[in-house]
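Data block below; observations after.
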Amino acid sequence: MTTTEQLLDQALGHVAAATQAMLEVAKNDAPPRLMFTARQCLDVQTLLEDAGAVIDIDLVDQDGTRTPHELLRLAAAALDAIAADERPVLLAPARAELQSTIAASSPV
Amino acid sequence: MSPATAGQLLDDLQRQAWDLAAALPERRHERHNMATRHAAGHLAGWPRLAQMGLHALRAVPLSPGAHHHVVLLIPALERVAAHPVKGIADPRVARMADLLGAVGDLLDDEPTAFGPDERDALAVRAKILAGIETAGRSTLGFLDHAARLSNTSWPGELGKVVDEVHRSLRVPAGERQGRYDDVAAVTLGDPTLAGVIARWKTATAAALTPQAGAASSRGVQMAAVDLGLLALSSAVLVRGAGHVGVIDRSVGTAAVVAFEAASDGWGNAAASWPSHVRAGGRASEDQVTASMGLRESLNALVLDGDNWTTPEDIAGRVDPLAALADVRRGATAAERLGYTYQDCVSSLVHTEALTIPARAVQRTEAAQPTELLAAVQRGHWVPLSAGQPAATNLTATAAAAVGLSRDARLAVDVTSRGRHQLAFDKPAPSIQSARLTAMEERELTARWAALSGRDGPSAATSHAPVVEVVARQAKEVNEQETRRGATTRAADDARHREPRM
Numbered sequence: 001m002t003t004t005e006q007l008l009d010q011a012l013g014h015v016a017a018a019t020q021a022m023l024e025v026a027k028n029d030a031p032p033r034l035m036f037t038a039r040q041c042l043d044v045q046t047l048l049e050d051a052g053a054v055i056d057i058d059l060v061d062q063d064g065t066r067t068p069h070e071l072l073r074l075a076a077a078a079l080d081a082i083a084a085d086e087r088p089v090l091l092a093p094a095r096a097e098l099q100s101t102i103a104a105s106s107p108v
Numbered sequence: 109m110s111p112a113t114a115g116q117l118l119d120d121l122q123r124q125a126w127d128l129a130a131a132l133p134e135r136r137h138e139r140h141n142m143a144t145r146h147a148a149g150h151l152a153g154w155p156r157l158a159q160m161g162l163h164a165l166r167a168v169p170l171s172p173g174a175h176h177h178v179v180l181l182i183p184a185l186e187r188v189a190a191h192p193v194k195g196i197a198d199p200r201v202a203r204m205a206d207l208l209g210a211v212g213d214l215l216d217d218e219p220t221a222f223g224p225d226e227r228d229a230l231a232v233r234a235k236i237l238a239g240i241e242t243a244g245r246s247t248l249g250f251l252d253h254a255a256r257l258s259n260t261s262w263p264g265e266l267g268k269v270v271d272e273v274h275r276s277l278r279v280p281a282g283e284r285q286g287r288y289d290d291v292a293a294v295t296l297g298d299p300t301l302a303g304v305i306a307r308w309k310t311a312t313a314a315a316l317t318p319q320a321g322a323a324s325s326r327g328v329q330m331a332a333v334d335l336g337l338l339a340l341s342s343a344v345l346v347r348g349a350g351h352v353g354v355i356d357r358s359v360g361t362a363a364v365v366a367f368e369a370a371s372d373g374w375g376n377a378a379a380s381w382p383s384h385v386r387a388g389g390r391a392s393e394d395q396v397t398a399s400m401g402l403r404e405s406l407n408a409l410v411l412d413g414d415n416w417t418t419p420e421d422i423a424g425r426v427d428p429l430a431a432l433a434d435v436r437r438g439a440t441a442a443e444r445l446g447y448t449y450q451d452c453v454s455s456l457v458h459t460e461a462l463t464i465p466a467r468a469v470q471r472t473e474a475a476q477p478t479e480l481l482a483a484v485q486r487g488h489w490v491p492l493s494a495g496q497p498a499a500t501n502l503t504a505t506a507a508a509a510v511g512l513s514r515d516a517r518l519a520v521d522v523t524s525r526g527r528h529q530l531a532f533d534k535p536a537p538s539i540q541s542a543r544l545t546a547m548e549e550r551e552l553t554a555r556w557a558a559l560s561g562r563d564g565p566s567a568a569t570s571h572a573p574v575v576e577v578v579a580r581q582a583k584e585v586n587e588q589e590t591r592r593g594a595t596t597r598a599a600d601d602a603r604h605r606e607p608r609m
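Same order as they appear, the protein sequences are chains E and U.
Residue 97 in our numbering sits at position 97 of the first sequence; the count goes up by one each step and never skips.
Take any residue in the second sequence, note its place counting from 1, add 108, and you have its number in our numbering.
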């Protein structure tokens with residue numbers, strides 16, 4: 001069974017991978033909003049760390065097969081898997097910022 | 109309301125100086141009375157005017173080697189400044205002293221100017237000198253008709269000031285606009301773009317230079333992303349200014365390309381931070397808040413949904429010239445902050461303040477130290493050594509980004525000089541444009557056309573490097589001005605462009 005700590009760490013790993021992926025492609029021919037969204041991802045990471053997440057190198061997706069948007073959605077799924085009575089107090093702001101970032105990174 | 113810029117203060121200085129020279133009455137007695145009254149008011153204001161003039165001149169960021177031509181003026185002004193005079197100062201002279209004092213305060217923290225910046229420093233100094241010279245000539249004019257005062261040491265002292273100022277004042281009228289005209293005392297947190305940038309720069313610089321402990325790696329990475337965002341947004345704003353015709357298109361294109369390159373450079377710097385290389389704790393609240401303010405401000409200005417805002421829409425949101433001045437200030441702030449970023453990264457790397465999971469350390473030697481192997485087994489984090497690829501990548505990308513920021517600042521500074529500045533043989537001092545090859549120029553022209561929705565340059569110019577186009581347009585402007593009988597002085601100066609000062 002996956003613990004709350006593990007889910008938090010998973011979410012942070014996905015967001016970190018999404019950030020890295022965005023920064024690596026945020027060049028001039030990239031969509032205008034991409035660098036703004038990458039910056040927003042850093043906020044999500046900070047908020048997740050405030051909620052207790054810790055970076056785990058094994059949980060940062062580095063195979064590059066998923067898009068940043070998919071990675072962010074996986075992060076959201078990890079947070080949603082945390083039982084309601086287990087949610088850290090500071091998780092809600094992190095999730096709200098994550099949802100906003102997912103919307104900004106939407107390909108359509 | 110925008111804060112007064114050094115350029116605006118100096119324009120006011122010229123206006124005050126212009127009004128100093130009042131016409132004197134025809135009748136001798138009346139003329140004498142009026143001249144005596146004016147001269148007394150001027151003299152009462154001169155010590156402070158000289159003092160503030162010195163303050164402003166010393167604040168102009170010229171390197172010591174470039175000061176030789178004011179070497180005789182400085183002591184002449186110091187003598188006047190040390191010569192108190194009783195009475196009430198003429199309000200215009202007092203106002204001029206205030207203005208010079210304010211200009212000196214604004215320019216006080218500008219770093220020493222080198223290369224193309226030196227030309228702008230000379231330009232701003234020329235305006236200061238012009239104000240002092242005008243005041244001197246006006247006062248001397250009144251002293252000529254004020255018998256009681258003309259027998260004092262004042263005519264000699266002011267005459268010396270005027271002579272030395274005039275010798276120093278060799279900057280042609282068309283070259284008197286430059287980057288220092290944009291310098292302003294921007295209120296931190298002012299809701300204008302300039303205020304937002306000023307607040308962000310201050311908060312970020314503080315975060316990158318913590319008084320104790322290591323800077324937060326998250327904060328440092330955030331700074332790199334912000335620098336990239338600012339450069340990218342600046343490119344959009346300059347492109348818009350070029351599209352609506354407030355700047356020369358070739359100069360604008362060179363600046364856009366330079367900003368885009370700087371944005372890429374900062375993107376690379378931000379991406380050089382792996383999530384598992386860390387230092388410090390979370391980013392400072394001040395930095396996060398200021399960064400958010402910057403992002404929101406830029407977002408509102410340059411983004412329209414998922415697309416860049418069109419030049420016409422930008423013009424509807426902000427005055428293009430004011431936006432351009434903000435972009436130039438932003439570029440200056442970014443260049444300086446870039447150096448701070450580079451120092452910060454270098455310090456983090458070389459003091460081995462960064463940590464990395466032991467198992468992520470890359471093998472650079474044949475045998476791994478036993479301590480490292482033990483740390484791997486225990487899942488510990490260890491200091492990142494300066495020779496690790498992750499560390500060298502951080503310092504290399506920082507250095508590259510800083511260089512590109514400087515190129516962008518130099519390229520956009522050209523837009524501060526107006527069309528007159530183009531009236532010279534030398535090309536615009538954009539390192540970026542100077543590096544353009546013919547192929548790059550063709551790509552650039554095509555990109556400009558695509559971005560601006562306009563046709564590229566005319567057939568006559570489409571295959572010429574940007575610098576040649578700029579120089580040719582510059583010559584045309586110059587020739588037109590000369591034909592129109594533009595001031596003899598400007599034409600004369602343009603013909604006698606000797607290396608000076």
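Yeah, the Cβ is synthetic: ideal placement off N, Cα and C, and Gly gets one too.
- Annotation for lysine 268/U: Ala184 place their beta carbon closer than 6 Å to its own, counting only its chain and skipping 5 residues before and after.
- Note on the segment 51-98 of chain E: whole alpha helix (DSSP H) runs with a minimum of 4 residues are 68-80, in chain order.
- Setting aside the 5 residues that flank it on each side, tryptophan 416/U is surrounded in the same chain by Val344, Val410, each with a C-beta closer than 7 Å to its C-beta; the list follows chain order.
- In terms of beta-carbon proximity, valine 44/E stays away from the interface with chain U, with every pair separated by 8 Å or more.
- Within chain E, the residues placing a beta-carbon under 9 Å from that of alanine 468/U are Ile57, ordered along the chain.
- Cβ proximity to chain E below 7 Å picks out Gly336, Leu337, Leu340 from the segment 335-354 of chain U.
- Aspartate 427/U carries a coil assignment under DSSP once its states are collapsed to helix, strand and coil.
- Residues of the segment 65-95 of chain E with a C-beta less than 9 Å from any C-beta of chain U: none at all.
- Distance between glutamate 241/U and valine 291/U, taken at the CA atoms: about 23 Å.
- A straight line joining the alpha-carbon of proline 88/E with that of glutamine 116/U spans about 54 Å.
- Among the residues of chain E, none has a CB under 9 Å from the CB of alanine 243/U; the nearest is roughly 50 Å distant.
- Following the DSSP letters along the chain, one finds tryptophan 489/U inside the beta strand (DSSP E) bounded by residues 489-491.
- Among the residues facing chain E, aspartate 394/U is not included, as its CB has no counterpart in that chain under 8 Å away.
- In this model, glutamine 6/E and leucine 301/U are separated by some 42 Å (Cα to Cα).
- Closer than 7 Å at the C-beta level to chain E, one finds these residues of the segment 400-433 of chain U: Arg403, Asn407, Leu411, Asp414, Asn415, Trp416.
- As DSSP reads the structure, leucine 170/U sits in a beta bridge with Ala221/U.
- Out of Ala507/U, Gln329/U, Val304/U, Lys194/U, the CA that lies nearest to the CA of leucine 316/U is found in Gln329/U.
- According to DSSP, threonine 463/U shares a beta bridge with Arg386/U, Pro491/U.
- Here the alpha carbons of alanine 229/U and alanine 190/U stand approximately 27 Å from one another.
- Assignment of leucine 185/U by DSSP, reduced to helix, strand and coil, places it in the helix class.
- For aspartate 412/U, the beta-bridge partners assigned by DSSP are Asn415/U.
- Contact residues of the segment 15-48 of chain E toward chain U are Ala16, Ala17, Thr19, Gln20, Leu23, Glu24, Ala26, Lys27, Asn28, Pro31, Pro32, Arg33, Met35, Phe36, Ala38, Arg39, Gln40, Leu42, Asp43, Gln45, Thr46 (C-beta to C-beta distance below 8 Å).
- Three or more Cβ pairs drawn from the segment 302-322 of chain U and the segment 394-402 of chain U lie within less than 8 Å of each other, which places the two stretches in contact.
- At a cut-off of 8 Å between C-beta atoms, aspartate 50/E counts as an interface residue with respect to chain U.
- Around the beta-carbon of histidine 150/U, 16 or more other beta-carbon atoms lie within 10 Å, marking it buried.
- For glycine 161/U, the closest C-alpha among the options Leu208/U, Ala339/U, Leu502/U, Thr503/U is that of Leu208/U.
- With a cutoff of 8 Å on beta-carbon distance, leucine 157/U and valine 193/U are scored as not near each other.
- A residue is called buried when at least 16 other Cβ atoms come within 10 angstroms of its Cβ; threonine 101/E meets this threshold and is buried.
- Counting along the chain, aspartate 372/U sits inside the alpha helix (DSSP H) bounded by residues 357-379.
- With respect to the 8 Å criterion, threonine 505/U and arginine 386/U are not classified as neighbours on the basis of their beta carbons.
- Against chain E, the beta carbon of methionine 330/U has neighbours under 8 Å at Arg39, Leu42, listed in chain order.
- In this model, valine 364/U and serine 342/U are separated by some 8 Å (Cα to Cα).
- Across the segment 356-372 of chain U, CB contacts with chain E closer than 8 Å involve Glu368, Ser371, Asp372, in sequence order along the chain.
- With respect to the 8 Å criterion, alanine 507/U and alanine 339/U are not classified as neighbours on the basis of their beta carbons.
- Put simply, the backbone Cα of arginine 326/U is about 19 Å away from that of leucine 34/E.
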